[in-house]
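Below is one structure, written out as structure tokens, with a few remarks after it.
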Amino acid sequence: MSVLLEVKGLQVLTKNKTNLSPVVNFELNSGEVLFLKGENGSGKSSILKTLLGLHPYFSGRFQFHVDISDIEYLPQLGNLNFHLPLTLADMLGEAQSSPLLKGLDLNKKWNTASGGERQKILFSAALAKHPRILILDEPFNHVDTEAGHHLEDGLRQYLKDHPQSAMILVSHRNLSGDGASLRTLEIR
Amino acid sequence: MNFLSLLEIYKWSLPASVLMAAALCLIGAQWTAREKSAQIFVLGQGSSLGIVLGLVLNILLGTDFHWLSLIGGLSVGGITLLLSDLLVQRKSDRNHIYLTLFVVFLSLTYLATSLTPSLESHMASAYFGDLATMSDGAAQLSLLGALLFIVFVLSSWKQLTLISFQLVNQSFIHRHWKNRIFDAGTLLVTTMAIQSMGYLYTMGSLFIATSFASSRSRNLQSYTIRIVLISAVGSLLGFSVSLLSTILPTVPCVMLGQILVGLLTYMKK
């Protein structure tokens, strides 16, 4: 087991130094799923964005022990519509053989696909790059229960096949993963 | 003078305007996808100011260097891009700031033109353009710039599109050199187009094709073919029609040509 990320005394701030999250300390080890749990507005997503360099104001420090190119990030999806008429196949790149894609019509346009279909595509595209760290922000939003379980199975299988990888996951929904690889960090 | 003789006169400006329209429509597609169309509007006005300042400098120095205006346009355009990226992008409601910047640059352009009487006539041609009076040198430079940019953009089209998706989805964490080249190329091609073909031609060619094609295309490939067709065929059609008449100006004809071809492709699902 190796340490992929160390976070010490990290607190997300606004430009005016107002706190957006509590101070957090954690490590992310290979083979692990770190589950960030907390109420709306507790700063979970802001912590992820700060780690990824998408939010510039913070105190404390953190260090990735993998290259940024080995990290994949799926943000909260919302109801994003895209100006260009991408099909699901256009979004996939080289990931066209993922088991998550079973039964999907890849000629369907992104803008008309359901939340579950969109997430399956984004998951497949991200996993096909074999990331060492996969960072997921509310991946089960806009996804029905069955598709959610399907996605969870896909993630579990990925970690099983790639034990040197790890995930950080923010979700309102409790995960049904086995206790050995799942670690929960309460953000409040 | 017959049509073929006219084509001989415009042997550089005609292909330059057609290829430049195609290059601009590709830029417009990605910038619209990035929800930055208002930003490129400001970039265009910033470049216009720089071009005028270059002309003023030429007058003050008693020279006639085409590249002085180009450098002026690139410099002020670059600063505009940097300012709008660094200062404005992070704000949630930014369109009013873009419009304010646009008005500021427009005012400064008008001021510089008014203070330099010999440039008064430049204002109209800078905005509404005239492809027929473009010099061969400017046309050749535009042709080369547009051609190189088209080759680069089309060879990286899928990748740039996925970057656009990540940018608008706020998940762009892997900086990529191709995106940097795209941004720099946008500045260069837009400035060259404004300098040689005018603001109206540039803004129209950026957005007309994608406005017609985005909702009517099956996938990314058919969309790309459509926008290039609308801009290139529309420009060729408009330019040719304007040559057939002694009173029809080139740029409005090119814009109407693009709109006409856009409408035809829109009706054909």
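Order-wise, the sequence lines are chains A and B.
First residue of the first sequence: 327, per my numbering; consecutive thereafter.
First residue of the second sequence: 6, per my numbering; consecutive thereafter.
Cβ atoms here follow ideal geometry from the backbone N, Cα and C, with glycine treated the same way.
The structure displayed is predicted, hence computed values, not measured ones.
- In this structure, DSSP gives residue 247 (chain B) a helical state, which the three-state scheme calls helix.
- For the alpha helix (DSSP H) assignment, the uninterrupted runs of no fewer than 4 residues enclosed by the region 439-481 of chain A are, from N- to C-terminal side, 441-453.
- The beta carbon of residue 450 (chain A) sits closer than 7 Å to the beta carbons of 418, 421, 424, 426 and 427 from its chain, once the five residues preceding and following it are set aside; these are given in chain order.
- By the neighbour-count criterion, in which a residue is buried when 16 or more other Cβ atoms sit within 10 angstroms of its Cβ, residue 170 (chain B) is buried.
- Using a 10 angstroms sphere on the CB of residue 464 (chain A), the tally of other CB atoms reaches 16 or more, which defines it as buried.
- For the region 407-418 of chain A, the set of residues with a beta-carbon nearer than 9 Å to any beta-carbon of chain B comprises 408, 409, 410, 411, 412, 413, 415, 416 and 417, in chain order.
- Interface with chain B (8 Å Cβ-Cβ cutoff): residue 379 (chain A) is included.
- For residue 86 (chain B), the closest alpha carbon among the candidates B:75, B:228, B:138 and B:188 is that of B:188.
- Residue 470 (chain A) and residue 442 (chain A) have their alpha carbons spaced roughly 7 Å apart.
- Around the beta carbon of residue 365 (chain A), fewer than 16 other beta carbons sit within 10 angstroms, so the residue counts as exposed.
- Between residue 157 (chain B) and residue 33 (chain B) the beta-carbon gap is near 16 Å, outside 8 Å, which marks them as no contact.
- Sequence-distant Cβ neighbours of residue 161 (chain B) in its own chain, meaning closer than 6 Å and more than five residues away, are 183.
- Counting only runs of 4+ residues, the alpha helix (DSSP H) found wholly inside the region 77-125 of chain B occupies 100-120, in chain order.
- For residue 399 (chain A), the enclosing beta strand (DSSP E) begins and ends at 397-400.
- With respect to residue 434 (chain A), residue 383 (chain A) sits apart: the two C-beta atoms are not nearer than 8 Å.
- Interface criterion met: the Cβ of residue 399 (chain A) is under 8 Å from a Cβ in chain B.
- Across the structure, residue 507 (chain A) and residue 359 (chain A) are spaced so that their CA atoms are roughly 6 Å apart.
- Per DSSP, the unbroken alpha helix (DSSP H) holding residue 45 (chain B) starts and ends at 42-66.
- Taking 8 Å as the cut-off, the Cβ atoms of residue 26 (chain B) and residue 237 (chain B) count as close.
- For residue 199 (chain B), no beta strand (DSSP E) encloses it; the enclosing alpha helix (DSSP H) starts and ends at 182-202.
- Within chain B, no C-beta atom comes less than 8 Å from the C-beta of residue 347 (chain A); the nearest is roughly 17 Å away.
- Pairing residue 43 (chain B) with residue 82 (chain B), the inter-Cα distance amounts to about 14 Å.
- With fewer than 16 other beta carbons inside 10 angstroms of its own, residue 115 (chain B) counts as exposed.
- Taking the beta carbon of residue 394 (chain A) as reference, the chain B residues within 8 Å of it are 178 and 179, listed in sequence order.
- In terms of CA proximity to residue 467 (chain A), A:400 leads the group A:400, A:409 and A:482.
- For residue 390 (chain A), the enclosing beta strand (DSSP E) begins and ends at 384-390.
- For residue 46 (chain B), there are no C-beta contacts with chain A under 9 Å, since the nearest C-beta of that chain is about 16 Å from it.
- Annotation: residue 341 (chain A) is outside any alpha helix (DSSP H) and is labelled neither H nor E by DSSP.
- Taking CB atoms only, residue 212 (chain B) has no neighbour in chain A less than 8 Å away.
- Taking C-alpha positions only, residue 193 (chain B) is separated from residue 155 (chain B) by approximately 13 Å.
- For residue 225 (chain B), the neighbours in chain A by C-beta distance under 8 Å run, in chain order, 410, 411, 412, 413 and 416.
- Each of A:396, A:361, A:331 and A:377 was checked against the Cα of residue 455 (chain A), and the nearest Cα belongs to A:396.
- Straight-line measurement puts the Cα of residue 457 (chain A) at about 23 Å from the Cα of residue 363 (chain A).
- Comparing C-alpha distances from residue 41 (chain B) to each of B:261, B:99 and B:240 shows the shortest one belongs to B:99.
- The beta-carbon separation of residue 460 (chain A) and residue 440 (chain A), rounded to 22 Å, does not stay under the 8 Å limit for a contact.
- Per the C-alpha coordinates, the member of B:19, B:11, B:166 and B:10 positioned closest to residue 143 (chain B) is B:19.
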